[in-house]
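Residue numbers (this note's numbering): 645 to 865. Glycine residues also receive a C-beta, built at the ideal position from the N, C-alpha and C atoms. Quick notes on the structure that follows.
Written out as structure tokens, the structure reads:
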């Protein structure tokens, strides 16, 4: 769980008994106030796959629209029986680097209406290793497909300096892995079919997708 600092209330100055001028000595400086760290509200979820279980913390406080959309899919069992089907491998940065993608793949019997886009410059989240993010076409088109970062892929964060509207929007992070990154990496390491898919996604699809058995809320550890 990521922690952010809150402001602390400075301690009151200590009261001292009066002393004579001869006996007076400079007082030791008061210790610096230690700022407490804030714990953001999250909901624990388990993604059970045929390769093992990935546990995640869904950021209901910092990314409420996106997080609650994911929880609705989980609560209504709309992701049970779907697949991790895509692996994007990036050659730059600390290895392994890239992402895995899973979800409903626009199955009309599973998907709900698309949700409002929550950019990272608003939520304060980032596409660091283990973060969960929504797959989408245009901003505001995300439904039931999501990605998990295998490395730091912060180029997917909102880039407010970009002249491209899509890059300015970035992608919506809504959670992070708390356990099972070995499962994420095992999915990442599966065989890719170089001839499967079309356009930009060709060469990124798994020869044998990994089944998502269930996605459900679990008790906090």
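Might you give, ordered along the chain, the residues of its own chain that have their beta carbon closer than 8 Å to the beta carbon of residue i, omitting 5 neighbours on each side?
i: residue 845; result: 730
i: residue 823; result: 697, 698, 699
i: residue 668; result: Because the pLDDT of residue 668 is 49, which lies under 50, any placement of that residue in the model is unreliable, and the number read from its coordinates should be weighed accordingly. Once the five neighbours on either side are set aside, residue 668 has no close Cβ partner at all.
Is it buried or exposed for residue i, if we count other Cβ within 10 angstroms and need 16 for buried?
i: residue 835; result: exposed
i: residue 703; result: buried
i: residue 681; result: exposed
i: residue 619; result: What is shown of the chain runs 645 to 865, which leaves residue 619 out entirely.
i: residue 665; result: Residue confidence is low: residue 665 scores 43 on pLDDT, short of 50, so the model does not pin down where it sits. Its coordinate-derived value is still stated next. Flag for residue 665 reads exposed.
i: residue 861; result: exposed
i: residue 859; result: buried
i: residue 753; result: exposed
Within the same chain, show all residues whose beta-carbon is closer than 7 Å to that of residue i, passing over the 5 residues directly before and after it, in chain order.
i: residue 740; result: 794, 795, 829, 832
i: residue 732; result: 742, 743, 848
Which class does residue i belong to by DSSP, given the choice of helix, strand or coil?
i: residue 854; result: strand
i: residue 879; result: No statement about residue 879 is possible, as the shown extent of the chain runs from 645 to 865 and does not include it.
i: residue 815; result: coil
i: residue 929; result: Any question about residue 929 goes unanswered here, given that the chain covers just 645 to 865.
i: residue 786; result: coil
i: residue 708; result: helix
i: residue 716; result: helix
i: residue 698; result: strand
i: residue 836; result: strand
i: residue 846; result: coil
i: residue 732; result: strand
i: residue 798; result: helix
i: residue 690; result: strand
Among the options, which residue has its Cα nearest to the Cα of residue i?
i: residue 870; options: 710, 753, 774, 762; result: Within the shown structure, residues of the chain are numbered from 645 to 865, placing residue 870 beyond reach of any answer.
i: residue 827; options: 807, 759, 750, 792; result: 792
i: residue 786; options: 808, 814, 771; result: 814
i: residue 725; options: 713, 706, 746; result: 746
i: residue 837; options: 825, 808, 850; result: 850
i: residue 685; options: 758, 727, 691, 767; result: 767
i: residue 799; options: 770, 821, 706, 723; result: 770
i: residue 755; options: 783, 843, 721, 808; result: 721
i: residue 734; options: 865, 821, 797; result: 797
i: residue 705; options: 762, 865, 757, 806; result: 762
i: residue 738; options: 863, 750, 708, 772; result: 772
i: residue 886; options: 803, 821, 728, 689; result: Only positions 645 to 865 of the chain appear in the structure, and residue 886 is not among them; the question remains open.
Between residue i and residue j, how many whole angstroms is the CB-CB distance? I'm expecting something under 8 Å.
i: residue 710; j: residue 818; result: 4 Å
i: residue 764; j: residue 801; result: 4 Å
i: residue 816; j: residue 789; result: Contact doesn't hold; Cβ gap of about 12 Å is too wide.
i: residue 683; j: residue 715; result: Not confirmed; about 19 Å, so no contact.
Once you ignore the five residues that flank residue i on each side, which residues in its own chain have a CB closer than 6 Å to its CB?
i: residue 841; result: 849
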